[in-house]
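Trainee: Residues 1 to 108 (full-length UniProt numbering) make up the sequence shown, in order. Just dropping this structure here.
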Amino acid sequence: MREIVHIQAGQCGNQIGSKFWEICADEHGLDPKGYYNGSSDLQLERINVYFNEAGSDKGNVRYVPRAVLVDLEPGTMDAIRAGPIGELFKPDNFAFGEATAREKQDRR
């Protein structure tokens, strides 16, 4: 079976990727926290292509996206974490830096 690592970069990539994960989770019957609430065994048939099992809670397996979210500024990442699927990701899925004062000055 294939396993895909999804890489999202920059504000646009992360906004599009966020919608992708929202749709993908819905198609596989996952709730916003990554627990299966679907109605068909077909939803779990190829779930390991995009998701990893990340443990369980009371017998329910939690699935997390196999993804890396990258941006130079944390604003987009903060918006994803605060959004409807923010709890779907593990904290180590996020990689971001902070623009230096010089870079901020050059943008003006």
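Cβ coordinates follow ideal geometry from the N, Cα and C atoms, glycine included.
(1) Three or more beta-carbon pairs under 8 angstroms between the region 74-87 and the region 35-50, yes or no?
(2) Consult DSSP for V5 and reduce its assignment to one of helix, strand or coil.
(3) Do you know how far the Cα of P32 is from the Cα of P84?
(4) Using a Cβ-Cβ cutoff of less than 8 angstroms, which residues in the same chain neighbour L44 once the five nearest sequence positions on both sides are dropped?
(5) What is the rounded straight-line gap between the Cα of V61 and the Cα of I47?
(6) Can you check which of these residues, S56, F96, D26 and D71, is closest to L42 by C-alpha distance?
(7) Starting from the Cα of L69, find the closest Cα among L88, E3 and V49 and give me that residue.
(8) May I have a chain-ordered list of the beta strand (DSSP E) segments no shorter than 3 residues that lie completely inside the UniProt domain "Tubulin/FtsZ GTPase" (3-102)?
(9) Determine whether the beta carbon atoms of R2 and V64 lie at a separation below 9 angstroms.
(10) Expressed to the nearest angstrom, what Euclidean distance is found between the alpha-carbon atoms of F51 and I23?
(11) If contacts are defined as beta-carbon pairs under 8 angstroms, then G17 and Q11 qualify, I think. What distance do you get, rounded to the angstrom?
Mentor: On the basis of the supplied data:
(1) no
(2) One-based indexing of the sequence shown puts residue 5 at position 5. It is coil, neither helix nor strand.
(3) Taking the first residue of the sequence shown as position 1, residue 84 is located at position 84. Taking the first residue of the sequence shown as position 1, residue 32 is located at position 32. For P84 and P32, the distance between alpha carbons rounds to 7 angstroms.
(4) Counted from its first residue, the sequence shown places residue 44 at position 44. Hits under 8 angstroms: H28, G29, Y36 and G38.
(5) Within the sequence shown, numbered from 1, the residue matching residue 61 stands at position 61. Within the sequence shown, numbered from 1, the residue matching residue 47 stands at position 47. In a straight line, the C-alpha of V61 is about 12 angstroms away from that of I47.
(6) To locate residue 42, count along the sequence shown from 1; it is residue 42. Residue D26 is the option with its Cα nearest to L42.
(7) Start at 1 with the first residue of the sequence shown, and residue 69 comes out as number 69. Nearest option by C-alpha distance: L88.
(8) 6-9, 51-57, 60-65, 67-71 and 94-96
(9) Start at 1 with the first residue of the sequence shown, and residue 2 comes out as number 2. Start at 1 with the first residue of the sequence shown, and residue 64 comes out as number 64. No, the Cβ-Cβ distance between R2 and V64 is not below 9 angstroms.
(10) To locate residue 51, count along the sequence shown from 1; it is residue 51. To locate residue 23, count along the sequence shown from 1; it is residue 23. Those two C-alpha atoms are separated by around 13 angstroms.
(11) Counting from 1 along the sequence shown, the entry for residue 17 is found at position 17. Counting from 1 along the sequence shown, the entry for residue 11 is found at position 11. The pair is not a contact, with the Cβ atoms about 11 angstroms apart (cut-off 8 angstroms).
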